[in-house]
Every structure is written in C-alpha cells, then in structure tokens.
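A.B. asks:
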Amino acid sequence: MLPALGVGTWAWGDRRTWGMGGYDSGLDMESIRSAWAAALRVGVGFFDTAEVYGGGESERIIGRLYSETAVADRSGVVLATKFMPSPQKVRVRFALLTSLRASLARLGVPSVDLYQIHGPISLRGPRALADALAAAAQSGLTRAVGVSNYSIRQMCAIDDALRARGVRLATNQVEYSLLRTMPETSGLLRECHDRGIVLLAYSPIGQGRLTGKYSAASPPPPGRDFSDHDMVLVDPIVERLRALGEAHGGRTPSQVALNWVVRKGAVPIPGAKNERQSTENAGALGWSLSDDEVASLDEVALAGRRALRHRVWQRG
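Residue numbers (our numbering): 118 to 433.
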C-alpha cells in the first residue's frame, strides 16, 4: 500500500538538529506547509515521522497540517511514525502502546498506517518486541508494523516472531543511497524482497550531498553525519548523476539518485522543506533509469559506514 516515494520529516520542528530559523533558515512553518501541500498535489502523500523528532513537534506539525487538509484530500495521506525503545523501557508492550497513543494524540488521528521500532536498542528480545507490535496492530491503532536500523539477523528474528503471532513485518527503514550501499551489499535488501518486507531508504540523497548544491569547494554545513564522506569522493558521483539527468530530459542529480533507489526496489523518503523540494523529489517518478545506467551508478557508488554517533543502533 505504500507509494513509491515518501517524505521524511525529521527536520520538521527539530530545532536542535536542523535549526528552524538557524543555519537552515529557509525552514519555517509556512515553508513546511507549502512542502506538505505540494507533496499531496503531486501524489506523494506518505509522511514518515517519529516521537523523538523535535520532542514530538514533528508529529504536532503533521497533525496541524492534516487537520487543515480537506477531508476529500486526506485519502492520499499515509502516516508513519516510530517508537523509541530506550533500554529503560523494560515493560516494552506497555511503553510502546503508551507512546503510540501519545503519537496519535499529537497527530490527531485514531490510527496510523505504519508504526515502527526506531532502532535495535531495547534490552528486550524479539519476542517481547513482537508482542508489543502485534498488540498495536491487533488493537487497531496501526495498520502495519515495521522496524528501523535493523540488521538482517535482527529483522529476520522479529519477522519470525511476528509471523508466529499472525502479524507480518511490513518495513525496515535504513540509510540507503549511492553514498551507503551497505543494505544492498550485505544482503539486507535481498532478504527484504524475499520476505515481502519493504525497505524504506532514509537519507537517500545523502543529506543533500547528491543534489549538486554542495561540492569539495563548498561542502555541506556541519552536523549532517549520515553519508558523511569527503566531498572529494562525492563529486564524481554527482557528475555521473548530472550526466544521466541530462540524458533524461534535464533531470536533476537528486531526481536521478532517487530513481536509482526506486529501481533497486526500495522506497526513498527524502526530506522536503518547501514547495520546490517536494516538487523536485516527485520528479524522480514517472520515468526510469535503464539497467546499464543503474550499473554505471553502481560502479561509482560508495559502500558507506555507520554514522559515528549512531554506531550503537544503526545496524541496517
């Protein structure tokens, strides 16, 4: 049921990380509102958030925008959020259901389409986590359940535990792009396909590094530690993206990078801070790279690594 493309909303309301009014000065409520409206207009109504994004502010913003959306247009909205399974939450079923209900209150909806475990950091094993997710699904609070940042072993364990409870694991959200092909080279992407699990790709344009906006001479701002490669290594990839984009009627580097993810059988969820970015992201759809073009990008892609401050839990 998921669209081929989504919108990651980590930056919406997260002043500490992204600085609404700070270095990312183009991000404010009006620009977010325009990004939401443009995404719906071009048929990209899948929005992914989390309880920890801005301490719940991302969910509140989405709830406000959803309430402003005409009822007839809400059918195109797909909402996903996440539970942070901090180690101290040993009563994980109680904690997950409590967190989910709080997320629903902030979003202003009776249920979400997808509820995910944010990372493999709980002290409880897959059976306890599966019990909690199954309870959420069977109570009608979510239509589907997923995980994020899970390795093959971790994903398979919770998928098996869920199946024993009559529930299927729908998604595994991991960092995946031309700057981090580890989910593919490790076999995770193939395992997802074999099990009928959708791989959601966050940071699919490398936190802006694959847009053509940055270069070795003009690097991105500090703090963007996913896909954190020296731009000397990234510049040749951007040039390849730019050349392929020209061959497809002037597609932008980011559109080509997103189409590469789609061609791999994953669903990219790039961020969008305004109308222009939502519209540009949607330009990744409606056309397709050839097999040879995908292979040419594979040749220059980087394996990537776990972000240093996320190494404990970023396993996918």
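The beta carbon of each residue, even a glycine, is placed where N, CA and C say it ideally should be. Since the structure is predicted, the reported quantities are computational estimates derived from the model, not experimental observations.
Using only alpha-carbon positions, find the residue among V209, R223, G325, G162 that is nearest to A374.
C.D. replies: Here the closest residue by C-alpha is G325.
A.B. asks: On the three-state DSSP scale, how would you describe E147?
C.D. replies: Correct three-state label for E147: helix.
A.B. asks: Contact between the region 291-305 and the region 410-424 is defined here as three or more beta-carbon pairs at a separation below 8 Å; is this criterion met?
C.D. replies: Because the criterion of three Cβ pairs below 8 Å is met, the region 291-305 and the region 410-424 touch.
A.B. asks: From T126 to A364, what distance separates their C-alpha atoms?
C.D. replies: T126 and A364: Cα-Cα distance of roughly 31 Å.
A.B. asks: For the region 225-242 against the region 255-264, do three or more pairs of beta-carbon atoms, one drawn from each stretch, fall closer than 8 Å, so that the two count as touching?
C.D. replies: Yes, the region 225-242 touches the region 255-264.
A.B. asks: By the three-class DSSP mapping on this structure, what secondary structure does S335 have?
C.D. replies: Coil, per DSSP.
A.B. asks: Between which two residues does the beta strand (DSSP E) containing S265 stretch?
C.D. replies: Per DSSP, S265 belongs to the beta strand (DSSP E) from 262-265.
A.B. asks: Could you give the distance in angstroms between the alpha-carbon of S332 and the alpha-carbon of V355?
C.D. replies: Taking the straight line joining both Cα atoms gives about 9 Å.
A.B. asks: Cα separation between M118 and G193?
C.D. replies: Distance between the alpha carbons of M118 and G193: 11 Å.
A.B. asks: Between P370 and T396, which are expected to be in contact by the criterion C-beta below 8 Å, what is the C-beta distance as a whole number of angstroms?
C.D. replies: Going by Cβ atoms, the distance from P370 to T396 rounds to 16 Å, so no, they are not a contact pair.
A.B. asks: Let's see if you can read the secondary structure: which residues bound the beta strand (DSSP E) around Y293?
C.D. replies: Where Y293 is concerned, there is no enclosing beta strand (DSSP E), given that its DSSP letter is neither H nor E.
A.B. asks: Does the region 150-163 come close enough to the region 379-395 that 3 or more CB-CB pairs lie under 8 Å?
C.D. replies: With the cut-off at 8 Å, the region 379-395 and the region 150-163 touch.
A.B. asks: Answer with buried or exposed for G283, where buried requires no fewer than 16 other C-beta atoms within 10 angstroms of its C-beta.
C.D. replies: It is exposed - the Cβ of G283 has fewer than 16 other Cβ atoms within 10 Å.
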